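One rule links them: number in this note's numbering = place in the sequence shown (from 1) + 62.
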Amino acid sequence: MSKRKQSTNEDSDDGSSDVSLIDVDFDFFDPNPNVDYHAIKRLLSQLFQRDADLFHLHELTELILSQPAVGTTIKTDGMESDPYAILTVLNMHVHKDHPSIKALAAYYLQKSSHDAALHGTLQTLFSQTQNHVGFVFCERLINMPVQVIPPMYKMLTDELKWAVGDNEPYNFTHLLFVSRTYHLTADEESFLSSSAPAKLPTSKKSKKAKNQTQPVVRPVDGIYSFHPEDEVTRQAATHTIDYTFSAAPAEPRDKDAFGLDNRGRLMLVPAEQLSTLVTKMAEVYAVS
């Protein structure tokens with residue numbers, strides 16, 4: 063039985079005069095060790111991109127599946143189907159000797175070396191045992207709507223409370239959120255803007271929505287979030303870094319090549335801010 067069901071309507075964006083709606087039911091489940099291994103491993107590979115091999119994904123997936131009472135997957139075709147999304151948290155201190163956690167800690171110490179404040183904070187957190195750090199993994203397939211994310215985080219906050227009430231090691235002082243970004247040069251943005259086809263509103267409803275849409279302002283550094291909810295997480299974070307991956311791309315980008323320049327992001331959030339973060343996320347990305 064699923065933990066919860068959520069229905070959404072997705073507009074067909076084919077430019078026709080009639081708006082077509084597709085009803086999709088998303089079911090929320092606990093991670094299932096008997097079914098979810100391959101799909102979760104693929105989602106972790108997508109999250110860490112070309113640096114994924116550094117983190118022993120087989121062992122990391124097994125570790126995630128070893129704690130099915132904490133975390134949520136989303137499926138559309140029943141418990142035995144593959145998950146389209148995963149959200150969970152691992153205790154970096156309880157599992158400090160696990161090869162994946164050791165690799166993640168070393169990796170983010172290296173990536174934060176240019177940010178003295180974050181680097182020093184991580185060094186302190188990783189070298190003591192009194193305050194526990196939770197590593198938050200949240201990833202989904204590209205076509206999954208952001209509206210499915212707030213319920214997952216609400217379930218996570220409830221599960222953490224229940225686990226702490228049962229004296230399980232989920233009483234965190236800090237949470238590390240890892241996410242994905244992409245970088246566009248000014249030339250790439252100019253090309254995308256000039257090549258994007260103009261579309262007329264297809265209905266009064268869509269016309270109103272389009273009129274309310276705010277223009278996207280280019281970030282100073284040209285770095286964009288893959289996941290919209292990152293903007294809410296960043297507001298709650300004490301430190302955020304964006305970084306390039308360590309492994310070289312399979313095919314180096316030349317001057318005239320076009321393709322997403324994928325990068326990573328790390329956000330450090332005080333655990334006491336989690337409830338506020340989840341409430342804000344639910345407000346911003348409520349199901350309409």
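Just so you know, even glycine gets a beta-carbon here, dropped at the ideal spot from N, CA and C. The structure displayed is predicted, hence computed values, not measured ones.
key: 6 Å Cβ shell around D92 - same chain, five flanking residues per side excluded   = In the sequence shown, residue 92 corresponds to position 30, counting from 1. P130, listed in sequence order.
key: Simplified DSSP state of F307, which is helix, strand or coil   = Residue 307 sits at position 245 when you count from the first residue of the sequence shown. Reduced to three states, the DSSP call for F307 is coil.
message = Can you look up K158 in the DSSP assignment and give me helix, strand or coil?
response = The sequence position of residue 158 within the sequence shown is 96, counting from 1. It is coil, neither helix nor strand.
request  = Please name the residue in L336, V86, D89 whose C-alpha comes closest to that of Y215.
outcome  = Your numbering for residue 215 matches position 153 in the sequence shown. Ranking L336, V86, D89 by Cα distance to Y215 puts L336 first.
request  = Decide if N193 is buried, meaning its Cβ has at least 16 other Cβ atoms within 10 Å, or exposed.
outcome  = Residue numbering aside, residue 193 sits at position 131 when the sequence shown is read from its first letter. Exposed, because fewer than 16 other Cβ atoms sit within 10 Å of the Cβ of N193.
query = Within 10 angstroms of its Cβ, does S128 collect 16 or more other Cβ (buried), or is it exposed?
reply = Reading the sequence shown from its first residue, position 66 is the one you call residue 128. Classification of S128: exposed, given that the 10 Å Cβ count is below 16.
inquiry  = Rounding to the nearest angstrom, what Cα-Cα distance links Q172 and K158 in this structure?
reply    = Within the sequence shown, the letter at position 110 stands for residue 172. Within the sequence shown, the letter at position 96 stands for residue 158. Rounded to the nearest angstrom, the two C-alpha atoms are 17 Å apart.
Beta-carbon gap between S48 and H289 smaller than 7 Å = The question about residue 48 has no answer here: the residues shown for the chain are numbered 63 through 350.
ask   = For D323, which residues does DSSP report across the bridge?
value = The sequence position of residue 323 within the sequence shown is 261, counting from 1. Listed as beta-bridge partners of D323 by DSSP are H245.
Cβ-Cβ distance between T341 and R325 below 7 Å = Locating residue 341 in the sequence shown gives position 279, where the first residue counts as 1. Locating residue 325 in the sequence shown gives position 263, where the first residue counts as 1. No.
ask   = Per DSSP, F239 forms a beta bridge with which residues?
value = What you label residue 239 is simply residue 177 of the sequence shown in a count that begins at 1. According to DSSP, which records beta bridges pairwise, F239 is partnered with V198, M329.
Cβ-Cβ distance between I303 and L339 below 7 Å = By one-based count along the sequence shown, residue 303 stands at place 241. By one-based count along the sequence shown, residue 339 stands at place 277. No, the Cβ-Cβ distance between I303 and L339 is not below 7 Å.
message = Taking the alpha-carbon of Y244 as reference, which of L109, D220, F234 has the nearest alpha-carbon?
response = The residue labelled residue 244 in the question sits at position 182 within the sequence shown. When only C-alpha atoms are compared, the closest one is L109.
inquiry  = Going by DSSP in three states, H301 sits in which element: helix, strand or coil?
reply    = Taking the sequence shown and counting its residues from 1, the one referred to as residue 301 is at position 239. Here H301 sits in strand by DSSP.
key: Reduced DSSP category for A348 - H, G, I as helix; E, B as strand; rest coil   = Counting from 1 along the sequence shown, the entry for residue 348 is found at position 286. Coil.
task = Can you grab the Cα-Cα spacing for the pair M343 / I163, in whole Å?
result = Translated into positions along the sequence shown, residue 343 becomes position 281. Translated into positions along the sequence shown, residue 163 becomes position 101. In a straight line, the C-alpha of M343 is about 28 Å away from that of I163.
request  = Ignore the nearest five residues each way along the sequence and tell me which others in V195's own chain have a CB closer than 8 Å to its CB.
outcome  = As a working note, residue 195 is residue 133 in the sequence shown. Counting only Cβ-Cβ distances below 8 Å, and skipping sequence neighbours, we find N153, M154, H155, L187, F188, F234, T235, H236, L237, L238.
ask   = Excluding the five sequence neighbours on either side, which residues of its own chain have a C-beta within less than 6 Å of the C-beta of K270, listed in chain order?
value = Along the sequence shown, read from residue 1 onward, the residue named residue 270 stands at position 208. For K270, the predicted structure reports a pLDDT of 43, less than 50, and the residue's modelled location is therefore unreliable. The matter cannot be settled from this model.
ask   = Which two residues bound the contiguous alpha helix (DSSP H) that contains S107?
value = Position 45 of the sequence shown, counted from the first residue, corresponds to residue 107. Start and end: 99-110.
query = How do the stretch 168-185 and the stretch 217-230 stand: do at least 3 beta-carbon pairs fall below 8 Å, yes or no?
reply = no
task = Measure from the alpha carbon of P213 to the alpha carbon of each residue in L149, A312, A179, D113, then state which is nearest.
result = Taking the sequence shown and counting its residues from 1, one reaches residue 213 at position 151. Of the candidates L149, A312, A179, D113, the one whose C-alpha sits nearest the C-alpha of P213 is L149.
query = In angstroms, rounded to a whole number, what distance separates the CA positions of Y99 and T123?
reply = Within the sequence shown, numbered from 1, the residue matching residue 99 stands at position 37. Within the sequence shown, numbered from 1, the residue matching residue 123 stands at position 61. Using only the alpha carbons, I get a separation of about 7 Å.
query = Would you report the Cα separation of Y232 and A225, rounded to the nearest angstrom?
reply = The residue given as residue 232 occupies position 170 in the sequence shown. The residue given as residue 225 occupies position 163 in the sequence shown. Between Y232 and A225, the alpha-carbon positions lie close to 6 Å from each other.
inquiry  = Is the beta carbon of L119 closer than 7 Å to that of L106?
reply    = Taking the first residue of the sequence shown as 1, we reach residue 106 at position 44. Taking the first residue of the sequence shown as 1, we reach residue 119 at position 57. At the C-beta level, L106 and L119 come within 7 Å of one another.
inquiry  = Within a Cβ cutoff of 7 Å, which residues of the same chain sit near Y146, ignoring the five residues on either side of it in sequence?
reply    = By 1-based counting over the sequence shown, the position of residue 146 is 84. Closer than 7 Å at Cβ, skipping near neighbours: I136, K137, T138, R202, L203, M206.
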